[in-house]
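*Asks:* To start, I am sharing the structure in question, which I have written as structure tokens.
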Amino acid sequence: MTLLTDVVEELGSTPAEPDSAQFLDAASFLGRLLEEQQAPTAVETFARYHDDHAGAARVSSYRALLPASPPGPGQQYAFEVDLDRCSGCKACVTACHTLNGLDEQETWRDVGLLVGGSKSLPVMQHVTAACHHCLEPACLTACPVNAYEKDPATGIVKHLDDQCFGCQYCTLACPYDVPKYHRAKGIVRKCDMCSSRLAVGEAPACVQACPHQAIAIRVVDARQVIDDAEAAQFLPAAPDPQMTYPTTTYKTKRAFPRNLLPADYFRVSTQHAHWPLAVMLVLTQLSVGGFCVGMILDTFLSDHAPLRQTHAINSLAFGLLALGASTLHLGRPWLAFRAVLGLKHSWLSREIVAFGVFAKLAILYAALLVFFPDADPRFAQWLGWSVAASGLLGVYCSAMIYVFTKRECWNFPRVIAKFVGTAAVLGIAAMWLSLLLSTVLQSSAESSRFVALHGAQLCWAMLAISGAKLFWEAAAFRHLLDRRMTAMRRSAILMARELPRTTLARFATGLLGGVLLPAILLQHLDALDTAGVSAPFLAITGVLFVACLSGELLERSLFFTTCASPRMPGGLR
Amino acid sequence: MSGALAKFTALIPPLVDRHGPLTEELLLAPGKFGLGLAPAKSTAEAVARTVCGFCSTGCCLNVHLQDDEPVALTPASGYPVNLGMACPKGWEALAVLDAPDRAVTPLLRERGGAQRAVSWDEALQTFVARMKGIQAEHGPESIAFLSSGQIATEEMAFLGALAKFGMGIRHCDSNTRQCMATAATASSV
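Protein sequence lines, in the order shown, are assigned to chains C and P.
Going by my numbering, the first sequence opens with residue 397, and the numbers climb by one from there.
Going by my numbering, the second sequence opens with residue 568, and the numbers climb by one from there.
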């Protein structure tokens, strides 16, 4: 203001002074105005000084939102969300993003929506959610490298970023979709309740930022959390709290309408395909199935089965390929050796160790058959069955990885039926491939002997097992008729409506390789007795193998993409 | 020999790694200016106070500066309007600075509908010529202006004077009615 008065005064008193041109020069005039505007006043200087020398300035505004004393024995810190205060503005989401220095598109807190009520009294309830710092965190149990810790004093579930090797198993195990995979860094990151802020008396970012003070940190009793979970008092339509005992308290004074459902309740969305995992599962099962089928033929159906050398090498090759594919799934594969750390609690660790043993035994067995064909057959058989047993143990561990997530479409019978079924189907298919390879590379005499001995048995076994497996898979479509939007109905809808081409291709290849071609082979078996193994016969076995393998790969891709996961209420989209 | 061995073993990643570069990246350190803990990449070396430009509430925001470049932003505590709070748009107010679709030059819509970047001079000349053309053909009352609640009172007065006395415009409205009033009514239902 002083400047303006000066200008007016100067202009008024001495209009014709030569130096007034300086004021009338727009650039320097503006420059002086800007300079004055930017120079702090005494009040501003004082205020700045005050700000600079205070602690975290906002402490007073959130002191009531933090617990007065740290948790005692049997207690821990927990989020408390006052639903009556949450307006769904998402300031908590953006503040968490900014104050924790997260990358673009990365958020550790989400806001969802529950809708219900009647036309005259509609209800829209926003729900803010981050990590629930569970009493029994599924992420921690699942982690094969012990990259999760639950702080014994505060109960905060913390992720050790440098320990993580990016297997993403925690993202499948957590029912609340909390751990988020960071593709560029190859690791998972998650909310740690801003533990470093709490340690110095500051509030977590979300608590600081909420304009309605809807989020608070409280001390909760573990006993209370368990009791609440028994009565399923967590949040309407959220995953069952008994899975992991989430500690967050959602409180409200209002009675929710009975028809309250997440806004995204009826939306079905395809899940991550996890291709390296699908390939690894199918190929390990092929390899294990191959060894099992070989051993069954060798032990129970003939004294000294032909082709067993070729078949052992064949099965081993697929096994090693599978182990190679599995590392492609890791964000940081060079740390794969850390997987042994979680052996006590993680099915993924157990799977990796079991398949590690399987691979070594399989190499020994194949080497024995190739380099010492005259070795004691009883020893060879014993070693062969050890390979099969360790492989089956590995397949069981693979299955338990998914059973552990407690998703309905991944329950024990469903996963075991699929995995063992794949092992059986592809084990037999691999036998046919071994026949093809042996005939092309060596001689057809042994092949003819093999077909005469086991051809019909393999065809009938393939027909029965493939038929049963395809029927079992197709039976999932009965859930399309479910009245309630169950997890199984979501899966069936995903298969039928979202991914119809993949589904069709899966059943087409399955029927071709597992039913049609074995039936045709069966027809030709009689003619082979005299003519030996013919080229068309071999061509059919080749196509059979490729069709079966493609079919099982597609089945496994659907296994991942169509498995509806439990989740917190999402928003409208 | 032992030196080479030590070098080789140093290459093997440890079995348990609690404090590596990935952990450090998100480590929070005490900030100056009463800003509380912040990760290194958004710690303020200096703070510029600004008023949020998204709506007319007038929330005060602290822009964290490193080498005179804004790196992060926190709502100013102690400021009577927002008391240390901001809405998600305010929290993300820096996102527009280097947004690829940010308007940095006038765009002139051509006949086909495509927008062409032009100079301010050309933009203003075109604006004036077309406005005058419409008024000459249909009369001065044929155009109206829509103002914003986000401009200062003095600017608002200037806009009114320019439009009414300079351009002969009779009709005007503003987003205080188009936007704020409707939102207020909706939220009070």
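Idealized CB from N, CA, C, for every residue including glycine.
These numbers come from a predicted model, not from an experiment.
Measure from the C-beta of C:A435 to each C-beta in chain P and report whether the shortest distance is under 9 Å.
*Replies:* Output row for C:A435: interface = no.
*Asks:* Please list the terminal residues of the continuous beta strand (DSSP E) segment that includes C:G513.
*Replies:* Note, C:G513: beta strand (DSSP E), 506 to 513.
*Asks:* Using the beta-carbon count (16 or more within 10 Å), is C:I611 buried or exposed?
*Replies:* So C:I611 ends up on the buried side.
*Asks:* Going by the beta-carbon positions, is the gap between P:L675 and P:R683 smaller than 9 Å?
*Replies:* In contact: P:L675 and P:R683 (Cβ atoms closer than 9 Å).
*Asks:* List the whole-angstrom C-beta distance separating P:C626 from P:A653, where the pair is believed to meet the contact cut-off of C-beta under 8 Å.
*Replies:* The Cβ separation is near 6 Å, so the contact holds.
*Asks:* Would you say C:H741 lies against chain P (beta-carbon separation less than 9 Å)?
*Replies:* False, the Cβ-Cβ gap to chain P never drops below 9 Å.
*Asks:* So, at 8 Å on beta carbons, what are the nonlocal neighbours of C:R803 in its own chain, with the 5 sequence-adjacent residues on each side left out?
*Replies:* For C:R803, where only same-chain residues beyond five positions count, the Cβ hits under 8 Å are A883, C959, A960, S961, P962.
*Asks:* Could you give the first and the last residue of the continuous alpha helix (DSSP H) run that contains C:H850?
*Replies:* Per DSSP, C:H850 belongs to the alpha helix (DSSP H) from 840 to 870.
*Asks:* Where do the ends of the beta strand (DSSP E) carrying P:G727 lie?
*Replies:* Segment 720 to 728 is the alpha helix (DSSP H) holding P:G727; no beta strand (DSSP E) there.
*Asks:* For the putative contact between C:A708 and C:L765, defined by C-beta atoms under 8 Å, what is the C-beta separation to the nearest angstrom?
*Replies:* Contact flag correct, Cβ pair sits at about 5 Å.
*Asks:* With C-beta atoms as the reference, is C:L531 less than 9 Å away from C:A618?
*Replies:* The answer is yes: Cβ separation under 9 Å.
*Asks:* Check whether the Cβ atoms of C:V675 and C:R952 sit closer than 9 Å, and answer yes or no.
*Replies:* In contact: C:V675 and C:R952 (Cβ atoms closer than 9 Å).
*Asks:* Cβ of C:F687 within 9 Å of Cβ of C:G780?
*Replies:* Yes, these two residues count as a Cβ contact at 9 Å.
*Asks:* So what's C:T410 in DSSP terms, helix, strand or just coil?
*Replies:* Confidence at C:T410 is low in this model, with a pLDDT of 45, below 50, so the placement of that residue is unreliable and no value is reported for it.
*Asks:* Strictly under 9 Å for the Cβ-Cβ distance: is P:L640 near chain C by that measure?
*Replies:* Closer than 9 Å: yes.
*Asks:* Which chain C residues sit within Cβ distance under 7 Å of P:E659?
*Replies:* The answer, in chain order, is T490.
*Asks:* Any idea which residues DSSP pairs P:G598 with across the strands?
*Replies:* Beta-bridge pairing links P:G598 to P:G603.
*Asks:* Could you tell me which whole alpha helix (DSSP H) segments of length 4 or greater appear in the segment 770 to 811 of chain C?
*Replies:* Taking only runs of at least 4 residues, the alpha helix (DSSP H) segments lying wholly in the segment 770 to 811 of chain C are 773 to 799.
*Asks:* What is the residue span of the beta strand (DSSP E) that P:N629 lies within?
*Replies:* Unbroken beta strand (DSSP E) run through P:N629: 627 to 633.
*Asks:* Just grab the DSSP bridge partners of C:E545 for me.
*Replies:* For C:E545, which the question treats as bridged, DSSP gives the partners C:K554.
*Asks:* According to DSSP, is C:R579 part of a helix, a strand, or is it coil?
*Replies:* Reduced to three states, the DSSP call for C:R579 is coil.
*Asks:* Name, please, each residue of chain P whose Cβ falls closer than 7 Å to the Cβ of C:L731.
*Replies:* The contacting residues are P580.
*Asks:* Looking at C-alpha atoms only, which residue of C:K581, C:E432, C:L462, C:L568 is the closest neighbour of C:D995?
*Replies:* Residue 995 of chain C falls outside the range modelled here, since chain C spans only 397 to 969, and no answer is possible.
*Asks:* So with Cβ pairs under 9 Å, would you call P:M623 a contact of chain C?
*Replies:* It should be pointed out that residue 623 of chain P corresponds to Ser in this sequence rather than to Met. No - not a single Cβ of chain C is within 9 Å of the one on P:S623.
*Asks:* In angstroms with no decimal places, state the Cα-to-Cα distance between C:L970 and C:C570.
*Replies:* For chain C, the structure presents residues 397 to 969; residue 970 of chain C sits outside this window and is missing.
*Asks:* Within 9 Å (strictly less), CB to CB, does C:K576 reach chain P?
*Replies:* Judged by the 9 Å Cβ criterion, C:K576 is not in contact with chain P.
*Asks:* Roughly how many angstroms lie between the CA atoms of C:V816 and C:Q681, to the nearest whole one?
*Replies:* So the alpha carbons of these two residues sit roughly 8 Å apart.
*Asks:* Spatial neighbours of P:S741 within its chain, please: C-beta separation below 8 Å, excluding the five flanking residues on both sides.
*Replies:* Closer than 8 Å at the Cβ level, and outside the excluded window around P:S741, lie L713, S714, S715, G716.
*Asks:* Cα separation between C:P533 and C:I613?
*Replies:* Roughly 19 Å between the two C-alpha positions.
*Asks:* By alpha-carbon positions, which one of C:A625, C:G562, C:A526, C:L568 ends up nearest to C:C587?
*Replies:* Per the Cα distances, C:A526.
*Asks:* Does the distance from the C-beta atom of C:I748 to that of C:S722 stay below 9 Å?
*Replies:* In contact: C:I748 and C:S722 (Cβ atoms closer than 9 Å).
*Asks:* Reducing DSSP to helix, strand and coil, say where C:F442 ends up.
*Replies:* The answer is helix: DSSP assigns C:F442 an H, G or I state.
*Asks:* My guess is that P:P642 and P:G657 are in contact by the Cβ rule of under 8 Å, so how many angstroms apart are they, rounded?
*Replies:* The Cβ separation is near 6 Å, so the contact holds.
*Asks:* To the nearest angstrom, how far is the alpha carbon of C:I968 from that of C:Y661?
*Replies:* Note on identity: in this sequence residue 968 of chain C is Leu, with Ile being the wrong assignment. Cα-Cα distance, rounded: 10 Å.
*Asks:* Cβ of P:M652 less than 9 Å from any chain C Cβ?
*Replies:* Chain C contact via Cβ: present.
*Asks:* Strictly below 8 Å CB to CB, what residues from chain P border C:L556?
*Replies:* Chain P residues near C:L556: D584, R585, T590.
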